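To convert a position in the sequence shown, counted from 1, into this note's numbering, add 319. Working notes, structure below.
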Amino acid sequence: MFSVKPMKPTFKCYLPPAPTDVKKTIEQPIKKLEPKLLQGEIVVNEVNFVRKCISAESSQDDLWGKLICTNFKVSFIPQDAPTKQKSKLSHLLLGEHDIPLTCLEQVVTVNDTKGKKKVLGSNQKLKFNPTELILYCKDLRIIRFCFDEAGPESAKKVCLAIAHYSHPADLHLLFGFEYQGRRYHESKRERVNGSTPRAGLQTPSFDRPSDWDREIKRTGASEWRVCSINEGYAVSQSLPEYIVVPVSLADQDLKQYSIFLHDSRLPHWCWNHSNGSALVRMASISDPIQQKKIDQRIFTAITKSHPQRSEVVRLDLDKCLPNILEIQSAFMRVRQICVMDPFEESEERWLSAVENSRWLEHVRSFLKQSAEVVYHLDGKNASVIIQEEEDRDLNCVVSSLVQLMLDPHYRSIVGFQSLVQKEWVMAGHRFLDRCNHLKKNEKEESPLFMLFLDCVWQMMNQYPAAFEFTETYLTILSDSMWIPLFSTFLFNSPKQRAKHLMDFAKNKAIPQGEDPAMFFPPVWDWAQQFSTKNQTLFNNPMYVGKGAACVQNGEVKTFRRTKQKSYSSTLRGPSASVRNGVRSGEDTLSRRGSLVSELRSEFSPVRVESPSERFFRDWFSRPADQQGVLIPLFIPSHLALWKLFFLRWVPEVCIPKGGPVTSYHKLSQLVDEIEILQGQLRQYTGGTPLPSPTSGPPSDQRRMYFKASSPHDPPTPPDFLNSSFPFSPMGNLCRRGIHGTPISKFLNGARIWLSTETLANDAI
């Protein structure tokens, strides 16, 4: 018979006990703990009487229940589930205590009595009976289960099952292939005339010429064309079937050049500036003898595509940015500092450790390099080629950030999704290897996409009104990398994706010619993961959309940046860099007013100011155009640790009724009320009184997560809000308390970049 170990009482009650019906209590059946399974999901092993640890210091809040391993996830079902919070992200595919198998970083078994610990892999043996199971997750959770009362053999079997199924031998063994096949056939009846609109809202997939044609037309790239020489992946195994190249380059010439490029990756167009300059990315040329000849022809063709026949600048990212191993190492260190290892007792040591991890330094390097490309495109009116050996890692980050800084379209939700689809998925970023979904090669693993999302968050943090999406959206997008039910983050290249999905369609008897988005959708089909209401968490209430107006000095003005000057590179001066002593703050417009005076000491007449320095100084001296060029501040003191991502699972970090969610809550209500009033004004014809502000469109059709409340309601945030909203840390991380430690001081406002050495070298 199961018996819970007695706990030390912490409170003595002097009230008489409430009368209970003893007979009813005895006869009440024990709650049957059954998992919620998706289509095609099966239970492979389970164990009862498991304790999920909530705190490392006390077992008082621990949960008891059943631990289950399926072919998709590790699931824990509490015997007595706590009262569900009213407002918390509710996932349609995963429960609160579920972890996808692909999200597991390490499966560690412990035997306290024998002092043994073992990291389990696939098909391994376990010579001792585990008393504990610790799961280290790729989304930074650490989850600990204890088998105090569970059968030792059952505990051992479930641990081995989790380790085995989290190390699939083949890509097709990932659960998404089984799930989407079942889902496709069961939803076939719902489709009208055998087809439905493409999944993922209006997000283009860039797997067809029409998507590229629209992008060429949108950016005004009239001297560029869609090239189809890679149809059937005849030229390059990692490029998409359709790429955009200069009109003056013939297909025959491109085929000739491809022989000398890494993996035959031809130079391909990313984006066009309104001034005619283009952003192009390419791989390195393997033959030094042919390099000069090919460079000359490619440069000439790109020059011809420019209205002013402007020069072409090439930037070798391999020489000026950290490599994938350095990025992976920095991420591992900052993760250990923020989550895994005990926090240092000395504030100086903890802050220094975050700084010494070099993660924020790498974030800064990519932001700085991207701003340098913006200078060439926008300030010098020159086309830019960004070059990397394979053109599949660093180029993805920089090309995406450059377009985000220059084009407001990519700061909308659909635009941002199209940017990821174009510059990451179709450009052949090796998601399968970099995410290490099959756990086969740790040397190939590197969080390039996570680094990109952190860079985007830094820009959002500095320009909160310029982005349609929220940091919740970015965090959910990072979590989606570890859910193997979508095609977006599963493959290394468009060819690998096409091949696997073709084989999958044959195995599942899916008709030829069916759009893959129908039977294996992209992650942009958010309705599979979240309800319509929860998807409104993506919407930023402060977003200044296209053509939005602002009030300055009592006048209504539209955000428009004056035409940039062209900054000639013939002036001699130091290397392209800009120093600015802008203090960190959220009020972008107010801080720019005092920028010029703060920069005078940096741009003194003693030395010659370089063109890029003058470009950045001129840009920062004007009010920010939320729908124009956005250049982030990338001095170390202006970069922050992304708390919602790195610290969200630490229970002690959560600030009840506080954090950014309080302002988000109030702004959402105000925006919702404004939209309701605007709708009522459009319908108002006169003669009848306007209805109350809360009687607008149906709740499920409104844009904000938090709806407008009645003017008579008290303006207080709901009790369930905390700084980790909308994620619940309860039961998802087990560690000791942090009160009075450096992390608690950091959360109360201490800076990361505080060392004397850093401030002394505080240069961009």
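A virtual CB, placed ideally from N, CA and C, is assigned to each residue, including glycine. The structure presented is a predicted model; accordingly, all values stated were derived computationally and were not measured.
Q: Run through the region 925–990 for me and flag every whole alpha helix (DSSP H) of 4 or more residues, listed as ranges in chain order.
A: 930–939, 962–965
Contact under 8 Å by Cβ, P565 with I621:
Along the sequence shown, read from residue 1 onward, the residue named residue 565 stands at position 246. Along the sequence shown, read from residue 1 onward, the residue named residue 621 stands at position 302. In contact: P565 and I621 (Cβ atoms closer than 8 Å).
Determine, using beta-carbon pairs with one atom in the region 752–761 and one in the region 475–495, whether at least three such pairs fall under 8 Å.
-> yes
- Could you check the C-alpha separation between S567 and L411 for me, to the nearest Å? To locate residue 567, count along the sequence shown from 1; it is residue 248. To locate residue 411, count along the sequence shown from 1; it is residue 92. The alpha-carbon atoms of S567 and L411 are separated by roughly 50 Å.
Output needed for D532: all residues of its chain with C-beta closer than 8 Å, excluding positions within five of it in sequence on either side, in chain order.
As a working note, residue 532 is residue 213 in the sequence shown. Excluding residues within five positions, the ones whose Cβ falls inside 8 Å are V545.
Quick check on R902: does DSSP put it in helix, strand or coil? The residue labelled residue 902 in the question sits at position 583 within the sequence shown. Low local confidence applies: a pLDDT of 32 at R902 is under 50, so the model's placement there is unreliable, and no value is given.
- prompt: Between P516 and M837, what straight-line distance do the alpha-carbon atoms span, to the nearest angstrom?
  reply: Working through the sequence shown from its first residue, we reach residue 516 at position 197. Working through the sequence shown from its first residue, we reach residue 837 at position 518. Bear in mind that a pLDDT of 46 at P516, under 50, signals an unreliable position, so the number given afterwards is only what the model happens to contain. Each residue's Cα considered, the two are about 9 Å apart.
*asked:* Taking the alpha helix (DSSP H) that K371 belongs to, which residues open and close that run?
replied: On the sequence shown, position 52 is the one that residue 371 refers to. Premise fails: K371 lies in the beta strand (DSSP E), 362–371, not in any alpha helix (DSSP H).
In terms of residues, what are the limits of the alpha helix (DSSP H) holding H1031? Position 712 of the sequence shown, counted from the first residue, corresponds to residue 1031. Counting along the chain, H1031 falls outside any alpha helix (DSSP H), and DSSP gives it neither H nor E.
Check: Can you tell me whether T789 is buried or exposed, with buried defined as 16 or more other CB within 10 angstroms of its CB?
Finding: The sequence position of residue 789 within the sequence shown is 470, counting from 1. Buried, because 16 or more other Cβ atoms sit within 10 Å of the Cβ of T789.
- Can you tell which of Y983, H587, R941 has the C-alpha that lies nearest to the C-alpha of S557? On the sequence shown, residue 557 is found 238 positions in, with the first residue counted as 1. Of Y983, H587, R941, the residue nearest in Cα terms is H587.
inquiry  = Please tell me whether C1089 and L686 are closer than 8 Å, where the distance is taken between their beta carbons.
reply    = Limits of the chain in this structure are 320 at one end and 1083 at the other, which puts residue 1089 out of reach.
- Under 8 Å, do W968 and L459 count as touching if we go by C-beta distance? Position 649 of the sequence shown, counting from 1, holds the residue named residue 968. Position 140 of the sequence shown, counting from 1, holds the residue named residue 459. Against a cut-off of 8 Å, the Cβ pair of L459 and W968 comes out as a contact.
Please name the residue in R683, D526, P1030 whose C-alpha comes closest to that of T807.
Your numbering for residue 807 matches position 488 in the sequence shown. Of the listed residues, the one whose Cα sits closest to T807 is D526.
Suppose you measure from the CA of R1001 to the CA of T981; what does that come to, to the nearest Å?
If you number the sequence shown from 1, residue 1001 lands on position 682. If you number the sequence shown from 1, residue 981 lands on position 662. Near 31 Å, if we compare the C-alpha coordinates of T981 and R1001.
Exercise for review: Could you check how far apart the C-beta atoms of N594 and N714 are, in whole angstroms? I think they sit under 8 Å.
Suggested key: By one-based count along the sequence shown, residue 594 stands at place 275. By one-based count along the sequence shown, residue 714 stands at place 395. At roughly 22 Å, the Cβ-Cβ gap does not stay under 8 Å, so N594 and N714 are not in contact.
(message) What residue range does the beta strand (DSSP E) around T428 cover?
(response) For the purposes of this step, residue 428 is taken as the residue at position 109 of the sequence shown. First-last of the beta strand (DSSP E) with T428: 423–430.
What residue range does the beta strand (DSSP E) around T389 cover? Residue numbering aside, residue 389 sits at position 70 when the sequence shown is read from its first letter. Taken as a continuous stretch (DSSP letters only), the beta strand (DSSP E) holding T389 covers 382–389.
Worksheet item: When the Cα atoms are used, what is the spatial distance from H592 to I705?
Response: Reading the sequence shown from its first residue, position 273 is the one you call residue 592. Reading the sequence shown from its first residue, position 386 is the one you call residue 705. When rounded, the distance between both Cα atoms is 15 Å.
ask   = Identify the residues that DSSP records as bridge partners of R600: which are they?
value = Position 281 of the sequence shown, counted from the first residue, corresponds to residue 600. DSSP, once it has assigned bridges, lists H587, I705 as partnering R600.
Nearest to A1027 (by Cα), restricted to the options Q1020, Q999, I993, P1037: Taking the first residue of the sequence shown as position 1, residue 1027 is located at position 708. If we check each option's Cα against that of A1027, I993 comes out closest.
Once you ignore the five residues that flank S541 on each side, which residues in its own chain have a CB closer than 7 Å to its CB? Here residue 541 corresponds to residue number 222 of the sequence shown, with the count starting at 1. Counting only Cβ-Cβ distances below 7 Å, and skipping sequence neighbours, we find nothing.
- Task: Could you name the residues of the same chain whose beta carbon sits closer than 7 Å to that of N367, not counting the 5 residues immediately before and after it, in chain order?
- Result: The residue labelled residue 367 in the question sits at position 48 within the sequence shown. Excluding residues within five positions, the ones whose Cβ falls inside 7 Å are K385, A469.
inquiry  = Quick check on the DSSP output: the alpha helix (DSSP H) that includes D822 runs from which residue to which?
reply    = If you number the sequence shown from 1, residue 822 lands on position 503. Note, D822: alpha helix (DSSP H), 813–826.
Residue from A597, R753, S409 whose Cα sits closest to the Cα of T538: The count along the sequence shown starts at 1 and reaches residue 538 at position 219. Nearest of A597, R753, S409 to T538, Cα basis: A597.
Give the DSSP-derived three-state secondary structure of N448 in the structure shown. Indexing the sequence shown from 1 puts residue 448 at position 129. DSSP places N448 in coil when its eight states are reduced to three.
message = Quick check on S394: does DSSP put it in helix, strand or coil?
response = Residue 394 sits at position 75 when you count from the first residue of the sequence shown. Here S394 sits in strand by DSSP.
Query raised in the report: In whole angstroms, what is the alpha-carbon distance linking D710 and P930?
Result: Along the sequence shown, read from residue 1 onward, the residue named residue 710 stands at position 391. Along the sequence shown, read from residue 1 onward, the residue named residue 930 stands at position 611. Their Cα atoms are separated by approximately 29 Å.
Which residues in the same chain as R941 place their Cβ atom closer than 6 Å to its Cβ, once the five residues preceding and following it in sequence are excluded?
As a first step, residue 941 is located in the sequence shown; it is residue number 622 there, counting from the start. The answer is none, since no qualifying residue turns up.
Three-way DSSP call (helix, strand, coil) for D417 in this model:
Start at 1 with the first residue of the sequence shown, and residue 417 comes out as number 98. D417 falls in the strand class under three-state DSSP.
- What are the boundary residues of the alpha helix (DSSP H) that C546 is part of? Numbered from 1 along the sequence shown, position 227 holds the residue referred to as residue 546. Looking at the DSSP string, C546 is not in any alpha helix (DSSP H); the run it does join, the beta strand (DSSP E), is 543–546.
_Taking a contact to mean a Cβ-Cβ separation below 8 Å, would you say Y694 touches E787 in this structure?_
In the sequence shown, counting from the first residue as 1, residue 694 sits at position 375. In the sequence shown, counting from the first residue as 1, residue 787 sits at position 468. In this structure, E787 does not lie closer than 8 Å to Y694 by Cβ.
Mind the definition here: the region 445–465 touches the region 429–436 only if three or more C-beta pairs lie below 8 Å; say whether that holds.
yes
If we count Cβ pairs, one from each stretch, closer than 8 Å, do we get three or more for the region 741–749 versus the region 672–692? no
When every heavy atom of the ligand GTP is checked, does at least one fall within less than 7 Å of the C-beta of P607? Among the ligands in the structure shown, none appear at all, so the ligand GTP cannot be discussed.
Exposure of V682, with buried meaning 16 or more beta-carbon neighbours within 10 Å:
One-based indexing of the sequence shown puts residue 682 at position 363. So V682 counts as buried.
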